[in-house]
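Reviewing the structure listed below.
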Amino acid sequence: MMPDPLTATAILRRVGQGFFYTCEVHCPQHVEPIRFVYDCGSKPRTKYLETAVDGYADELSGESLDFFVVSHYDEDHVNGIDRLLSAGVQIDTIFLPYLTPLQRLLIGLRSHDFPGWYADFIENPVRFFGDRGVRRVVLVIGGGNEPGDQDEEGEEPPPPFLDGPGEGRDFPRDIKPLIGRPVPGEFSASDAGGSTGGVEVEAMSDRGQARIGFCWQFKFFNYDRFPPETDSLTTRAAISADSSRDPKVVRWKAFATGLLDVLGADEIDPFRVIEAIRDEDFRKAVKEAHRPIHSDYNDISMALWHGPAHQLAMGAWIRARDDLRQHFRGWDQANEFISEGGTLLTGDLGLKKKTVFDEFEDHYDGYFPSTAFVATPHHGSRRSWNPRILPLLPSETAFFLSA
């Protein structure tokens, strides 16, 4: 008797300027599939997002999500999560790129209206999910090649398993990071100032990966674009003493000084700022100071490669829905077979910058040849595109985007 085949069905949902990607993986010898989502948001029009979220919740019919990956904190990638959870969808684990409170504030200031749920999310994303019934949040910390990332022989240890194969057995829904990290203080149980909303909190290096049994694997990449100035130059004294002429640092100091003027303070307290920024007048004043550095942090995102855990004889089909073909340029090519099975999701990652791409290329070395699909970064923005990715991929790799 032939074993059940390894299959995965992924759908890029129609949400316009944003991203909403869902996937269901069926592994042999397991009863229930693994279900996960990468991002769920869209701006400025949300009607397409609302339709897509409600439709997906109906498709699940009460089934839960094993995990949800948040690529970054921009509204057009997260503003559907609250609706998804409000629709009764249960999420076991959230994978979230870790940013400090001040870094989260910088991202949040790009919001035009800063709704209450988004203020809650920016202020404390762990508590945000805990209050909505999520069991666990795994903070993915970028910047690999740190002490402890490799064993004594200098080789990456074998990855953990969500579950081993078992006849008629279901998944335990438990992901153990390959390379752990200390939980940042603000979310640590030992930190009296931290609040987690009762959710379990773990941290992992982005050099780690997770697997579903012996069949499917997940590899994150969280490039740290924030310079140390965002955490060190936060007082008037430090700003005055700093002599850097780096344009990015100069712009940061101008923003920090403007923010301190609005606060009437000598030191930036990001939690105080996030609380105050709920006030529209205060938000307008701060945005004037923020304007010079708005674009400096517009391409921060956590990428995810997922696909077969081994070099299996597996390929992929790309198909356009029948009711979309009249709107799909080149639809006659949209039913072709691709001989690889992996997918690379890039969010808004700015690959055009050499330092970012060099680390990205090194991080996913060995994964590119097994990639069937790539999400074009940042909705196809030329500021994030880098043609250096093309020779790394099979010639038949298909690119897609949501815009």
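With the working numbering applied, the sequence shown covers 117 to 519.
All C-beta atoms, glycine included, are put in the ideal place defined by N, C-alpha and C.
Taking 9 Å as the cut-off, the beta carbon of residue 212 is found no closer than this to the beta carbon of residue 386. Note on geometry: alpha-carbon atoms of residue 390 and residue 122 lie some 46 Å from one another. The beta carbon of residue 237 sits closer than 6 Å to the beta carbons of 244 from its chain, once the five residues preceding and following it are set aside; these are given in chain order. By the neighbour-count definition (other C-beta atoms within 10 Å, threshold 16), residue 241 is a buried residue.
About 19 Å separates the beta carbons of residue 337 and residue 495, which is beyond the 8 Å limit, so they are not a contact pair. Within the region 162 to 223, the runs of beta strand (DSSP E) at least 3 residues long that lie entirely inside it are, in chain order, 181 to 185, 207 to 213. With a 10 Å radius around the Cβ and a threshold of 16 neighbouring Cβ atoms, residue 140 comes out buried. Secondary structure note for residue 237: it is in no beta strand (DSSP E), and the uninterrupted alpha helix (DSSP H) holding it is 232 to 239. Around the beta-carbon of residue 518, 16 or more other beta-carbon atoms lie within 10 Å, marking it buried. Apart from the 5 residues on each side of it in sequence, residue 316 sits with its Cβ closer than 7 Å to the Cβ of 251, 252 in its chain, given in chain order. When C-alpha distances from residue 235 are compared across 209, 201, 483, 195, the shortest belongs to 195. Per the coordinates, the alpha-carbon of residue 200 lies some 13 Å from the alpha-carbon of residue 137. The alpha-carbon of residue 508 is positioned some 27 Å away from that of residue 129. Spanning the alpha carbons of residue 321 and residue 209 requires a straight line of approximately 16 Å. Residue burial annotation: residue 239 is buried, with at least 16 other C-beta atoms found within 10 angstroms of its C-beta. In the three-state DSSP reduction, residue 342 falls in the coil class, being neither helix nor strand. Residue 180 and residue 206 do touch by the CB rule: their CB atoms are close to 4 Å apart, below 8 Å. The beta-carbon separation of residue 163 and residue 133, rounded to 12 Å, does not stay under the 8 Å limit for a contact.
For residue 484, no alpha helix (DSSP H) encloses it, and the DSSP letter there is neither H nor E. When C-alpha distances from residue 486 are compared across 425, 470, 472, 192, the shortest belongs to 425. Judged by beta-carbon spacing, residue 421 lies beyond the 9 Å limit of residue 143, meaning their Cβ atoms are not closer than that value. The beta carbons of residue 461 and residue 488 sit about 12 Å from each other, so the pair does not count as a contact at 8 Å. For residue 153, the enclosing beta strand (DSSP E) starts and ends at 150 to 158. Secondary structure of residue 144 (DSSP, three-state): coil. Between the alpha carbons of residue 227 and residue 409 lies a distance of about 14 Å.
The alpha-carbon of residue 204 is positioned some 47 Å away from that of residue 363. Burial state of residue 382 is exposed, judged by a 10 Å Cβ sphere holding fewer than 16 other Cβ atoms.
Excluding its 5 nearest sequence neighbours in each direction, residue 513 has C-beta neighbours in its own chain below 8 Å: 454, 456, 487, 488, 489, 490, listed in chain order.
In its chain, beyond the 5 residues on either side, 203, 205 have a beta carbon closer than 6 Å to the beta carbon of residue 173. Distances from the alpha-carbon of residue 477 to those of 398, 190, 506, 344 put 506 closest. If one requires a minimum length of 3 residues, the beta strand (DSSP E) runs lying completely within the region 360 to 436 are 418 to 424, in chain order.
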